[in-house]
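Numbering-wise (the working numbering), the sequence shown opens with residue 9 and increments by one. As structure tokens, the structure follows; a few thoughts come after it.
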Amino acid sequence: MNINQFEKLIAVVTSYLSEDTLNRSMAKQLNTQFPAEGEHFLKIKQACQQAISEGWMCQHEAGGIRYGRVIKPGQKTHNFSVDVVMMKDLKGPHHCHPLGEINMIMPITPGARFDGHSAGWWVYPPGSSHHPTVTEGEALVLYLLPQGSIEFSR
């Protein structure tokens, strides 16, 4: 797996999205179109795990969180950036999503949850904020951010 192959996997998802429709109903649409037990979702999860083992994803660590921006917003990903984090039973730093945030939740530990949600998709609308939190084990979370927009609180 290389970054170009990964970007193509992500582009399948981002081509389905539109920045102006980031709302909670989009989570239902994503869970229908790309279900957690579906082929494309599992390909992305496997690609993330392989990229982490190869050292080009989640290459940074702070406070027990492995993370990294994998893809900057651009034409190939329909102006979404891609960040991936790995967390285990941890509350992360508070941040705001000026343009919204799409989360692909990939439990590593069976039953692990991200912000109370199990495997699948969750969408935060524009202007929302939270402390990203993984409970009941370890999970990978892939974030799609319109225009790469995120603001961390101090």
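Virtual Cβ for every residue (Gly too), placed ideally from N, Cα, C.
Residue i bridges to which residues according to DSSP?
i: P154; result: F88
i: N111; result: W130, Y151
i: S136; result: H105
i: V142; result: L98, F122
i: I79; result: V90
i: R74; result: E69, M94
i: F49; result: The partner list for F49 (beta bridge, DSSP) is empty, contrary to what the question assumes.
What is the DSSP secondary structure of residue i, counted as helix, strand or coil?
i: L17; result: helix
i: T117; result: coil
i: E62; result: helix
i: F42; result: coil
Ignore the nearest five residues each way along the sequence and tell me which others in residue i's own chain have a CB closer than 8 Å to its CB.
i: H68; result: R74, Y75, G76
i: K99; result: H139, P140, T141
I want to see whether chain B comes within less than 9 Å of residue i, judged by CB atoms only; does it?
i: C56; result: Absent from the structure is chain B; it holds one protein chain and no more.
Within 10 angstroms of the Cβ of residue i, are there 16 or more other Cβ atoms? Answer buried if so, exposed if not.
i: V20; result: exposed
i: A120; result: buried
i: K36; result: exposed
i: H105; result: buried
i: P22; result: According to the sequence provided, residue 22 is Thr. The question's Pro does not apply to it. Under this definition T22 is a buried residue.
i: K16; result: exposed
i: Y24; result: exposed
i: G124; result: exposed
i: A147; result: buried
i: A70; result: exposed
CB-CB under 7 Å to residue i, same chain, minus the five flanking residues each way: which ones, in chain order?
i: S89; result: R77, I79, K80, P81, L153, G156
i: T85; result: E15, I18, A19, T22, I79
Ignore the nearest five residues each way along the sequence and tell me which others in residue i's own chain have a CB closer than 6 Å to its CB.
i: L38; result: W129
i: E62; result: none
i: E144; result: G119, A120, R121
i: S136; result: H105
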